[in-house]
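Residue numbers (our numbering): 4 to 198.
Just so it is clear, CB atoms sit at the ideal spot from N, CA and C, and this is done for glycine as well.
Please read these numbers as outputs of a predicted model, since none were measured by experiment.
What follows is a set of notes on a single structure, which appears directly below.
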Amino acid sequence: MLYIFDLGNVIVDIDFKRVLGVWSNLSGTPLATLSERFTMGQAFEQHERGEIGDEEFADKICAELGVSLSFEQFSAGWQAIFVGQRNEVVDIMQRLRTEGHRVVVLSNTNSLHCRYWPEQYPQVGESADRIYLSQELGMRKPEANIYRYVLEQEGTTPENTVFFDDNYDNIVGATALGITSIHVVDNKVIPAYFN
4 MLYIFDLGNV IVDIDFKRVL GVWSNLSGTP LATLSERFTM GQAFEQHERG
54 EIGDEEFADK ICAELGVSLS FEQFSAGWQA IFVGQRNEVV DIMQRLRTEG
104 HRVVVLSNTN SLHCRYWPEQ YPQVGESADR IYLSQELGMR KPEANIYRYV
154 LEQEGTTPEN TVFFDDNYDN IVGATALGIT SIHVVDNKVI PAYFN
């Protein structure tokens with residue numbers, strides 16, 4: 004079997020409020036104002052596909068939020084998203100590999116985050132046979148092509164694949180291709196699935 008794990012809120016806990024909290028403190032803009040203005044819009048998607056660089060992304064988000072932050076300040080907030088690793092999921096990934104299954108990570112992410120999380124959470128890379136990242140592939144979930152690409156690279160079929168993701172749209176996208184898809188709504192879902 005091929006097991007595909009998303010990264011954020013599947014293997015590693017993330018909290019976007021932490022990002023806005025840092026930006027609020029650094030810019031003096033109320034958190035409520037930033038929460039109201041922030042959207043995962045076009046710039047966000049372009050950055051996740053690797054279509055725009057980190058500094059251009061930072062400029063666009065700062066403009067959308069109406070804040071003035073240096074690139075270093077922006078980055079400090081952006082990396083605050085990471086909370087901690089879900090060790091029980093890492094253990095399951097390692098066990099699956101020991102049992103002879105193929106285990107990969109498929110994440111909508113960006114080059115800025117990839118400068119941070121592999122160092123902070125080295126066990127993620129050690130527990131996966133391969134890591135597929137949206138900004139390297141030029142496509143992102145829930146686009147059908149990204150799932151097809153992973154299946155093709157792994158030499159397997161949707162019927163022999165299980166996918167875990169916290170984003171419902173990504174689950175819908177994978178399910179449409181015939182992949183068994185599990186919506187990870189909290190940290191109990193994956194351990195419960197394997198019990």
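Open item on the list: Considering just the uninterrupted stretch of the beta strand (DSSP E) at ILE17, what are its terminal residues?
Closed with: 15–17
Open item on the list: At the level of alpha carbons, what is the spacing between LEU5 and ALA177?
Closed with: 13 Å
Open item on the list: Quick check on the DSSP output: the alpha helix (DSSP H) that includes PHE47 runs from which residue to which?
Closed with: 45–51
- [ ] With ARG105 as the anchor, note down where its beta strand (DSSP E) starts and where it stops.
- [x] 105–110
TODO: Would you mind sorting LYS191 into buried or exposed? The rule is 16 or more other CB atoms within 10 Å of its CB.
DONE: exposed
- [ ] Throw me the rounded Cβ distance for the ALA3 and ARG21 pair, which I believe falls under 8 Å.
- [x] It is not possible to answer for residue 3, since the shown part of the chain is limited to 4 through 198.
- [ ] Using a threshold of 8 Å, state whether the C-beta atoms of GLN138 and ASN113 are closer than that.
- [x] yes
Task: Bridge-paired residues (DSSP) for PHE167 - done: PHE8, ILE185
- [ ] Taking LEU37 as the reference, give the member of GLU48, ILE55, ASP57, SER71 with the closest Cα.
- [x] SER71
TODO: Determine the closest residue to LEU140 out of GLY24, SER184, GLN49, with distance taken between C-alpha atoms.
DONE: GLN49
Open item on the list: Using the three-state DSSP reduction, which class does TYR124 fall into: helix, strand or coil?
Closed with: coil
Open item on the list: I'd like to know whether the C-beta atoms of PRO145 and VAL175 end up nearer to each other than 8 Å.
Closed with: yes
Task: the stretch 145–155 in contact with the stretch 116–126 per 3-pair CB rule at 8 Å - done: no
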